[in-house]
Structure formats: C-alpha cells, structure tokens
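K.L.:
In the UniProt record's numbering, the protein residues as written are 1 to 179.
#1: Answer yes or no: do residue 65 and residue 176 have a C-beta to C-beta separation smaller than 7 Å?
#2: What do you get for residue 54, buried or exposed, if any count of 16 or more other CB atoms within 10 angstroms of its CB means buried?
#3: Tell whether a beta-carbon distance below 7 Å holds between residue 147 and residue 102.
#4: Which first and last residues belong to the beta strand (DSSP E) in which residue 177 is found?
#5: Output needed for residue 67: all residues of its chain with C-beta closer than 7 Å, excluding positions within five of it in sequence on either side, in chain order.
#6: Tell me whether residue 25 sits in a helix, a strand or coil according to DSSP, three-state version.
#7: Under 7 Å, do residue 74 and residue 169 count as touching if we go by C-beta distance?
#8: Which residue from 119, 108, 76 puts its Cα closest to that of residue 70?
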C-alpha cells in the first residue's frame with residue numbers, strides 16, 4: 001500500500017514536469033441537413049498530449065500512470081489526427097525526439113493480429129506502421145509475443161512509425177487529456 005501512495009504522490013509531482021502540447025484537430029461530421037443547408041461542416045476539438053520523458057514504464061504501468069493522473073494513454077482517432085501528430089513530433093526542434101520510442105494504447109491482446117486502442121475500443125486501422133511491422137515477434141526464452149503498440153524512431157532517425165513490441169519493455173509514453 002505504501003508503494004501505491006508513493007507512486008500516486010510521485011505521479012502527481014512529476015506530472016508538472018511533463019511536456020504538454022495542445023493541438024486542434026479537424027473532425028469532419030455529416031449532419032442531416034436540408035438542401036438549403038450545408039450538408040457537412042468541420043468542427044475542431046482540442047486534445048492535450050502529455051509527453052512523459054522523465055521515466056520509462058512498461059505498457060501496463062504507462063496506462064496506470066495516465067489513469068492515475070486523469071488522462072488516457074495515447075489514442076490516435078483518425079489518419080488526419082495521426083498526420084497532425086506526426087508533423088508535430090517529427091519536427092526537428094521538438095524536444096521529445098530524445099525519446100526513441102513511446103507507448104500508445106494500441107494492442108492486440110484480445111485477438112492476435114487485430115490491433116485496437118485500449119482507451120476507446122476502436123480498431124487501429126491503417127495508420128503508419130514501420131517497415132515489416134507489426135511482426136508479432138516472440139521471445140526465445142518465453143512465450144511472450146509482441147502485443148503492445150507504440151511509435152519508434154526509424155533507423156535513419158528521421159521519422160516515428162508504429163511498431164509492435166513486448167508489453168513488458170520499458171518505454172517513454174504519451175498521455176492525453178480525457179475529453
């Protein structure tokens with residue numbers, strides 16, 4: 001119980017050191033309009049991302065940390081959001097580039113090969129996977145397979161792309177505000 005209290009206090013104290021960025025992401029909606037009205041419109045939602053680079057955690061601890069701080073592990077809701085997000089983190093002057101990889105809430109723990117986001121249950125869909133990913137790697141010394149999803153820096157150190165990896169590996173991670 002002591003460790004949990006320490007973790008909570010540490011989490012709330014460390015949260016103030018996390019980098020945070022707010023993005024406006026266009027969301028397209030179609031409404032049931034009459035011929036005289038516009039049939040679609042664009043609204044903007046605001047998401048706040050908290051880049052946790054001051055410590056690394058396995059997939060489950062990263063999820064727990066976000067939850068304890070009233071946030072969720074990163075979920076990318078659309079190709080459009082991923083594009084905006086990738087432009088942000090691939091920017092040359094962005095400080096998060098010191099982290100080579102980070103967790104999202106995506107995983108295929110429910111059914112091998114079918115990736116869903118833990119936070120909203122939606123399919124990952126066709127986001128930008130790294131070359132030869134997901135590959136469902138398996139550890140030679142155990143039955144563990146790569147079931148958790150994150151972004152990793154490509155070999156040429158120019159872009160982040162999705163990968164699947166062992167959930168037990170410690171990585172940086174990104175939390176997002178709960179809307």
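Ideal Cβ placement from N, Cα and C applies to all residues, glycine included.
A quick note: this is a predicted structure, and the numbers were derived from the prediction, not measured.
P.N.:
Considering the structure as presented:
#1: In this structure, residue 65 keeps its C-beta atom at 7 Å or more from the C-beta atom of residue 176.
#2: exposed
#3: Not a contact, by the Cβ cut-off of 7 Å.
#4: Its beta strand (DSSP E) spans residues 171–177.
#5: none
#6: Note on residue 25: pLDDT 44, under 50, position unreliable in the model; no value is reported.
#7: Pairing residue 74 with residue 169 gives a Cβ-Cβ distance that is not under 7 Å.
#8: 119
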